[in-house]
Amino acid sequence: MGHTLYSPSPIIPFHNSAGQTEIKKFGGLLTSEFMPAPVGRSFQMRQTYRHNVEGPIPDNLRKLIADPRKPKGPPTHFHQFQTEYFKVEEGICIVEINGVPRNVSPDDEEISCKPGNVHAFYIHPDSPEKMTVLLSASDTGMDYQLDRVFFENWYGYWHDALLYRGGLDLIQTLQIHDAGDHYTPAPAWMPFRTFFGYWACVIIGRWLGGLLGYKPFFKEYTTDWDFAISKMKGNVFTRWNVHESYSDKQPWEKQVEMSSHPKPTNAEYEELVTDMTETFWKSQGNNGVKGVNGMFGDESPTSKMAKVHVKGEVNGALNGDTVAPLRKRV
């Protein structure tokens, strides 16, 4: 499902999706709509996966859609502390829990997946056009849990990494997942796969990633940035990557007020912090404005041509022309 890993490097977001109740990724292949969370749950989100995207599309998206690992559901994972809930509204969704797949349709009631169960969900190949599922999770009150901040950043990163960087960075992926109680299990053949999966995410993602300058949340993706900052400050390994000066930035109106003071002078350095061209034309008595075609003041090309014409007529009259034709022409 697009879970390709490549050499580590912290992500710099390629797009901005903060402040949107509905976010679309991969050209509309995935749409997530955030909704008010029910009592006792940390979030609620309506999510739609499509089989395909119609119309002219960029080559990188076309290549991703043709890949068997295209996004058709999140990677296999488990939650250490939260219960996740699924209610299908349209199409057919495959919910796979501990290796056992189950087809879920709108006729089925809401189902749940308890903490520690390895699971995934994705659009059924036979689902007509698209699949829509209502997702939510229990609210543990912990800093790192499934909530809007996590989903905005995970889907924002997933989109940018697959389309523009060719795959997922292992450290970045594990760190974002750890920040959302979303852990990648060890291979199925390993005993205690959730134990090793959890601690791999914590050690590689949270601890090592934090020391290497990674962070799980990005302002470009996040609507409630103050909340995201508070989450990262609660973790000693990501706290030092947090920047808070943004909160002291003044609004534009205040900046205008602060810019209304007299200009300071700079002694012998003053000349090079002024408009030297404007100063030159002022010295020529032209109020700092160079006229059209080298003319000065308010003299327009038309008035200058008229003056030249009249001057020529006057000179002609003085040289023997009659005065009447001159007056008539003037």
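Residue numbering for the sequence shown follows the working numbering, starting at 3 and increasing by one per position.
Just so you know, even glycine gets a beta-carbon here, dropped at the ideal spot from N, CA and C.
Close-in-space but distant-in-sequence residues of the same chain around residue i (CB under 8 Å, 5 per side omitted)
i	result
Glu91	Arg48, Pro108, Thr134, Val135, Leu136
Pro222	For the sequence presented, residue 222 should be read as Glu rather than Pro. Once the five neighbours on either side are set aside, the close Cβ partners of Glu222 are Pro15, His17, Asn18, Ser19, Ala20, Gly158.
Thr341	Nothing can be reported for residue 341, as the shown portion of the chain is limited to 3 through 332.
Length of the line joining the Cα atoms of residue i and residue j
i	j	result
Pro70	Gln257	52 Å
Asn16	Ala269	Here the sequence assigns Phe to residue 16, which means Asn is not the residue at that position. Spanning the two alpha carbons is a distance of roughly 45 Å.
Phe345	Tyr271	Lying outside 3 to 332, the shown extent of the chain, residue 345 is not represented and no answer is given.
Phe229	Ser140	19 Å
Gly182	Met260	42 Å
Trp191	Trp242	38 Å
Tyr146	Arg52	29 Å
Pro189	Arg195	7 Å
Lys235	Pro73	31 Å
Tyr248	Trp227	10 Å
Ala163	Gln46	25 Å
For residue i, three-class secondary structure by DSSP
i	result
Val135	strand
Ile59	coil
Asp250	helix
Ile125	strand
Val275	helix
Arg195	helix
Ile14	coil
Ala20	coil
CB of residue i within 8 Å of CB of residue j, strictly
i	j	result
Phe83	Pro40	no
Ile113	Phe88	yes
Ile25	Tyr157	yes
Ile125	Gly75	yes
Gln174	Tyr159	yes
Lys132	Thr50	yes
Pro187	Gly169	no
Val120	Asn105	no
Ala122	Glu98	yes
His79	Leu148	no
Ser129	Ile94	yes
Lys265	His161	no
Leu31	Ile67	yes
Own chain partners of residue i with C-beta closer than 7 Å, once the 5 adjacent residues on each side are dropped
i	result
Gly29	Val55, Ile59, Leu63
Close-in-space but distant-in-sequence residues of the same chain around residue i (CB under 6 Å, 5 per side omitted)
i	result
Lys233	Asp145
Ala308	At Ala308 the pLDDT is 49, less than 50, meaning the model places this residue with poor confidence; the figure from the coordinates comes in the next sentence. Within the same chain, Ala308 has no close Cβ partners at all.
**Cβ contact (3+ pairs, closer than 8 Å) linking the segment 166-183 and the segment 195-211** = With a cut-off of 8 Å, the segment 195-211 and the segment 166-183 count as touching, because enough Cβ pairs lie within range.
**Request:** Take every Cβ of the segment 236-252, pair it with every Cβ of the segment 211-220, and state whether three or more of those distances are shorter than 8 Å.
**Result:** Short answer: they touch.
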